[in-house]
Amino acid sequence: MPDTPPSMPQFPTSLGTSDLSSMSLMGHDVTEELMGNVSFGELAYWLITLERPTKQQSRLFEAVLLGLADHGFTPTAIATRVTFLSAPDSIQGALAAGLLGGGSRFLGVTEDTGRFLGDVLAGLDRLPEDEAGWDEVALGAVRAQREKGAFVPGLGHPVHKDGDPRTPRLVQIAHEEGLYGAHLALFEAIGRTHEQVLGKRLPLNGAGVSGAALADLGIPQELLRGTVLLARCAGLLGHIAEEIRSPGVAAEIYRTVDRNAVYVDPAAQA
């Protein structure tokens with residue numbers, strides 16, 4: 590009897606598949622249905638949630654991505670530039686260097702804020718019905734963080750000390766598109782009330798409002814930072830492109846730090 594060929598294992602996916610003559614994404618033909626008809630932002634939302642976004646969802650989602658794409662010479666951008674200076678043959682390494690810097694101080698605040706707001710909301714029996722109710726919840730949340738000696742994520746910014754311009758704009762877009770939800774309501778309430786607990790007024794930063802907006806859009810907490818990195822990848826690629834067009838910034842950063850290094854006895858640093 591001839592040998593029976595072994596059955597091949599199957600690897601189920603709801604994302605991309607292909608055969609000899611076609612490609613598909615989420616069951617739709619890439620060339621005939623998607624290319625030229627779906628924006629990259631729409632596709633990203635669709636891939637993350639497996640739900641095709643409405644025009645309203647797309648507008649808010651893409652506004653968040655745009656606001657997070659670049660913020661000047663942040664540590665992530667500097668890491669990308671100096672890595673490209675060191676290894677111009679490895680653009681993937683330069684991009685990765687910048688993305689790896691997305692943590693609790695830069696970029697990761699979006700996830701931290703979304704998780705914080707989500708945890709507070711999960712502890713409520715019901716959502717407040719008015720601004721006063723939200724303020725009461727916010728005060729309790731800020732007090733709890735203060736008692737733990739923990740920061741309230743989404744508060745403060747090293748540059749925009751009088752107010753992050755991205756915050757009111759994203760809130761406005763959420764209202765315009767009917768997507769202003771519980772996370773944004775709680776975040777704004779924290780902005781109104783935290784001074785009563787902390788004794789000082791801090792701005793609601795763009796990373797934090799982005800976390801609230803993404804959470805209201807249904808982006809899972811585990812994917813919030815990944816969504817930020819998707820946005821920042823475009824900005825980092827822009828920094829590499831600028832280094833190619835007009836080399837110098839990365840080299841100047843390197844020379845400035847290296848040539849101004851001063852030896853200090855380790856005992857003096859202890």
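Numbering of the sequence shown is given in the numbering used here, commencing with residue 590 and proceeding in unit increments.
Beta carbons are placed, not taken as given, at the ideal position from N, Cα and C, and that holds for glycine.
The structure displayed is predicted, hence computed values, not measured ones.
Tell me the DSSP secondary structure of residue i in three-state form.
i	result
L696	strand
T663	coil
L773	helix
H617	strand
S607	strand
L713	coil
L791	coil
Measure the C-alpha to C-alpha separation of residue i and residue j and round it to an integer number of angstroms.
i	j	result
L818	T702	15 angstroms
G752	L793	7 angstroms
D724	G800	19 angstroms
A733	G616	46 angstroms
V798	I762	12 angstroms
F650	L812	14 angstroms
S607	R641	20 angstroms
L604	L639	8 angstroms
Y634	Q810	14 angstroms
L609	T672	39 angstroms
Could you spell out where the alpha helix (DSSP H) holding residue i opens and where it closes?
i	result
T638	F629 to T638
F600	No alpha helix (DSSP H) contains F600, which DSSP labels as neither H nor E.
G687	I680 to L689
D724	E720 to K737
Y852	No alpha helix (DSSP H) contains Y852, which DSSP labels as neither H nor E.
F650	K644 to L657
P818	A small fix is needed here, since residue 818 is Leu in this sequence, not Pro. That run of the alpha helix (DSSP H) goes L813 to R834.
Could you tell me whether the region 776 to 793 touches the region 811 to 831, where touching means 3 or more Cβ pairs closer than 8 angstroms?
-> no
Quick check: the region 761 to 774 against the region 797 to 808, are there 3 or more CB pairs under 8 angstroms?
-> yes
Stretch-stretch touch, CB-based, cutoff 8 angstroms, three pairs: the region 658 to 670 with the region 631 to 645 | no
Using 8 angstroms as the Cβ pair cut-off and three pairs as the minimum, do the region 650 to 657 and the region 747 to 761 touch?
-> yes
Give, in chain order, every unbroken run of the alpha helix (DSSP H) that is at least 4 residues long and sits entirely within the region 742 to 769.
-> 755 to 765
Decide if the region 838 to 850 is in contact with the region 663 to 682; the criterion is three or more beta carbon pairs, one per stretch, under 8 angstroms apart.
-> yes
Pair every Cβ in the region 683 to 691 with every Cβ in the region 736 to 747, then say whether three or more of these pairs are closer than 8 angstroms.
-> no
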